[in-house]
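Asks: The structure's right below; bear with me while I get my questions together.
There are 2 protein chains.
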Amino acid sequence: MDFDLDLSIEVLRRSPATLRALLDGLGEPWVRGTEGPETFSPFDVMGHLIDGEETDWIPRARVILAQGPDLRFEPYDRFRHRARNAGRSLELLLAEFARLRATNLQLLRSWNLTGRELDLPGEHPSLGLVTLRQLLGAWVVHDLGHVAQIARVMAKQYRDAVGPWVPFLPVLTDHVVPRS
Amino acid sequence: MDFDLDLSIEVLRRSPATLRALLDGLGEPWVRGTEGPETFSPFDVMGHLIDGEETDWIPRARVILAQGPDLRFEPYDRFRHRARNAGRSLELLLAEFARLRATNLQLLRSWNLTGRELDLPGEHPSLGLVTLRQLLGAWVVHDLGHVAQIARVMAKQYRDAVGPWVPFLPVLTDHVVPRS
Numbered sequence: 020m021d022f023d024l025d026l027s028i029e030v031l032r033r034s035p036a037t038l039r040a041l042l043d044g045l046g047e048p049w050v051r052g053t054e055g056p057e058t059f060s061p062f063d064v065m066g067h068l069i070d071g072e073e074t075d076w077i078p079r080a081r082v083i084l085a086q087g088p089d090l091r092f093e094p095y096d097r098f099r100h101r102a103r104n105a106g107r108s109l110e111l112l113l114a115e116f117a118r119l120r121a122t123n124l125q126l127l128r129s130w131n132l133t134g135r136e137l138d139l140p141g142e143h144p145s146l147g148l149v150t151l152r153q154l155l156g157a158w159v160v161h162d163l164g165h166v167a168q169i170a171r172v173m174a175k176q177y178r179d180a181v182g183p184w185v186p187f188l189p190v191l192t193d194h195v196v197p198r199s
Numbered sequence: 020m021d022f023d024l025d026l027s028i029e030v031l032r033r034s035p036a037t038l039r040a041l042l043d044g045l046g047e048p049w050v051r052g053t054e055g056p057e058t059f060s061p062f063d064v065m066g067h068l069i070d071g072e073e074t075d076w077i078p079r080a081r082v083i084l085a086q087g088p089d090l091r092f093e094p095y096d097r098f099r100h101r102a103r104n105a106g107r108s109l110e111l112l113l114a115e116f117a118r119l120r121a122t123n124l125q126l127l128r129s130w131n132l133t134g135r136e137l138d139l140p141g142e143h144p145s146l147g148l149v150t151l152r153q154l155l156g157a158w159v160v161h162d163l164g165h166v167a168q169i170a171r172v173m174a175k176q177y178r179d180a181v182g183p184w185v186p187f188l189p190v191l192t193d194h195v196v197p198r199s
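Right under this line is the structure:
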């Protein structure tokens, strides 16, 4: 499937409601469980997604569109949310994410990006040259990866509860060494 | 985390709205894409979840609660949905799943299951003896696994679109040999 701006926005605009439907009002054992030390709980993932809205996708798109002398993106801090959200509630994070995403998509739409603009390059700190099209595609995949991660992390809280069913429920044995 | 009936129902009752938020109105390339031959698209997963409501979880719980002479469950047909849903729309499947799930959870709640009942056994055709508690836990994990699968299958449609980002987006390389 080739990158398509409208089809990308279709997914990006759904993520806040998907995450709210999955998580809002859910008990703490589901919300705060992880896959092991140094891995994200669903609460942490929401904070990470907020960080992405504030510091990653749109700021990097702006660097590309400006085509200034320095095309290099700021490195992304995967742990900014830990200090930022200590003491906040999940409900607050769900609302913040929805608000930030709506604003960012409004901005993205307002740019009326052309094919030429989508081909403009930026420089990722470790991946090298990337295009605006690839950045926006990565934004979509990043959302979906974290929806999958939240569902997986929740499922793993019941690994012992399913008894002999483990081999029929592959989500329980995905990411034995967690990677996202 | 130990099995808890209320915490299980919390997850089971959210799945229809989660899947509706993620999928309703989405373009065909997202809805019909797969991970490769003989794997499920998001549309197929919705059909599979409906089959679960009609033929798997509650029917098996009834076998356990009846404690008749034959505790063995009917084998589950993972491909029943293919013929059943040919020509149906995703919107119809989302509505069917929501209706079936609501009815099944109403029934489950009406049983007011005791700890003794949750410990009653049934016989899985290939896993052997399982308890009602394990069956209900597997229902929860099965839902979450398929939410994760839908997000993963959608993400993979953009594998080429993200260019050099692939190693930073592990959802794209999960299930190289699809298992669910």
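Here the protein sequences come in this chain order: V and R. Heads up, the first sequence is in the working numbering, so the first residue is 20 and it goes up one at a time. Heads up, the second sequence is in the working numbering, so the first residue is 20 and it goes up one at a time. Cβ atoms here follow ideal geometry from the backbone N, Cα and C, with glycine treated the same way.
1. Which residues in chain R sit within 7 Å of VAL159(V), going by Cβ to Cβ distance?
2. Determine the chain V residues that contact GLN153(R) at a beta-carbon separation under 9 Å, and present them in chain order.
3. Please classify SER34(R) as buried or exposed, where buried requires at least 16 neighbouring CB atoms within 10 angstroms.
4. Determine whether the Cβ of GLU29(V) lies closer than 7 Å to any Cβ atom of chain R.
5. Any beta carbon of chain R sitting closer than 7 Å to that of MET173(V)?
6. Which residues does DSSP list as the beta-bridge partners of LEU148(V)?
7. If you draw a straight line from the C-alpha of GLY141(V) to the C-alpha of GLY71(V), how long is it?
8. With 7 Å set as the bound, which would you pick, yes or no: does the beta-carbon of ARG97(V) sit closer than that to a beta-carbon of chain R?
9. Find the nearest neighbour of ILE169(V) within the set LEU38(V), LEU146(V), GLY134(V), judged by alpha-carbon distance.
10. I need the DSSP call for ARG91(R), collapsed to helix, strand or coil.
11. How many angstroms separate the CA atom of LEU31(V) from the CA atom of MET65(R)?
12. So what does DSSP say about PHE187(R), is it helix, strand or coil?
13. Where does LEU127(R) sit, in a helix, a strand or coil, going by DSSP?
14. Mapping the DSSP letters down to three states, classify ARG81(V) as helix, strand or coil.
15. Taking Cβ-Cβ distances shorter than 8 Å, what residues in chain R pair up with ASP193(V)?
16. Using only the alpha-carbon positions, how far apart do ILE201(R) and LEU151(R) sit?
17. How many angstroms separate the CA atom of HIS194(V) from the CA atom of GLY55(V)?
18. Rounded to whole angstroms, what's the CA-CA distance from THR192(V) to ALA167(V)? Just pull it up for me.
19. Consider the Cβ of MET20(V): report whether some Cβ of chain R lies at a distance smaller than 7 Å.
20. By the three-class DSSP mapping on this structure, what secondary structure does HIS132(V) have?
21. Quick check: what's the CA-CA separation for PRO189(R) versus ARG118(V)?
22. Quick check: the Cα distance between GLY182(V) and ARG120(V), rounded to an integer number of angstroms?
23. Is any beta-carbon of chain V found at less than 7 Å from that of GLY215(R)?
24. Could you tell me whether the Cβ of ARG33(V) comes closer than 7 Å to any Cβ of chain R?
25. What are the residues of the stretch 121 to 155 of chain V that lie near chain R, defined by any Cβ-Cβ distance shorter than 9 Å?
Replies: Here's the rundown:
1. Within the first sequence, numbered from 1, the residue matching residue 159(V) stands at position 140. Those within 7 Å of VAL159(V) in chain R are TYR177.
2. On the second sequence, position 134 is the one that residue 153(R) refers to. Residues of chain V passing the Cβ test: ALA180, VAL181, GLY182, PRO183, TRP184.
3. Translated into positions along the second sequence, residue 34(R) becomes position 15. Buried, by the Cβ-count rule.
4. What you label residue 29(V) is simply residue 10 of the first sequence in a count that begins at 1. Output row for GLU29(V): interface = yes.
5. Locating residue 173(V) in the first sequence gives position 154, counting from the first residue. Yes, its Cβ sits closer than 7 Å to a Cβ of chain R.
6. As a position in the first sequence, residue 148(V) is number 129, starting the count at 1. Answer by DSSP bridge pairing, in chain order: GLU142(V).
7. Your numbering for residue 141(V) matches position 122 in the first sequence. Your numbering for residue 71(V) matches position 52 in the first sequence. One C-alpha to the other measures close to 17 Å.
8. The sequence position of residue 97(V) within the first sequence is 78, counting from 1. Closer than 7 Å: no.
9. Working through the first sequence from its first residue, we reach residue 169(V) at position 150. Per the Cα distances, LEU38(V).
10. Sequence index remark: in the second sequence, residue 91(R) carries index 72 (1-based). DSSP places ARG91(R) in strand when its eight states are reduced to three.
11. In the first sequence, counting from the first residue as 1, residue 31(V) sits at position 12. In the second sequence, counting from the first residue as 1, residue 65(R) sits at position 46. LEU31(V) and MET65(R): Cα-Cα distance of roughly 21 Å.
12. In the second sequence, residue 187(R) corresponds to position 168, counting from 1. Helix.
13. Along the second sequence, one-based indexing puts residue 127(R) at 108. Correct three-state label for LEU127(R): helix.
14. Along the first sequence, one-based indexing puts residue 81(V) at 62. Reduced to three states, the DSSP call for ARG81(V) is helix.
15. Residue mapping note: residue 193(V) aligns to position 174 of the first sequence, counting from 1. By Cβ distance, chain R contributes ALA167, ASP193, HIS194.
16. The question about residue 201(R) has no answer here: the residues shown for chain R are numbered 20 through 199.
17. In the first sequence, residue 194(V) corresponds to position 175, counting from 1. In the first sequence, residue 55(V) corresponds to position 36, counting from 1. Computed Cα separation, rounded: 11 Å.
18. In the first sequence, the residue the question calls residue 192(V) occupies position 173. In the first sequence, the residue the question calls residue 167(V) occupies position 148. Cα to Cα, the separation comes out at about 14 Å.
19. As a working mapping, residue 20(V) is identified with position 1 in the first sequence. Chain R contact via Cβ: present.
20. By one-based count along the first sequence, residue 132(V) stands at place 113. Checking the displayed sequence, the identity of residue 132(V) turns out to be Leu instead of His. Looking at LEU132(V) - three-state DSSP - the assignment turns out to be coil, as it is neither helix nor strand.
21. One-based indexing of the second sequence puts residue 189(R) at position 170. One-based indexing of the first sequence puts residue 118(V) at position 99. Cα-Cα distance, rounded: 27 Å.
22. Numbered from 1 along the first sequence, position 163 holds the residue referred to as residue 182(V). Numbered from 1 along the first sequence, position 101 holds the residue referred to as residue 120(V). So the two alpha carbons sit approximately 40 Å from each other.
23. Missing from the structure shown is residue 215(R); chain R here goes from 20 to 199 and no further.
24. Residue 33(V) sits at position 14 when you count from the first residue of the first sequence. Yes, because at least one Cβ of chain R sits closer than 7 Å to the Cβ of ARG33(V).
25. HIS143, SER145, LEU146, GLY147, LEU148, VAL149, THR150, ARG152, GLN153, LEU154, LEU155
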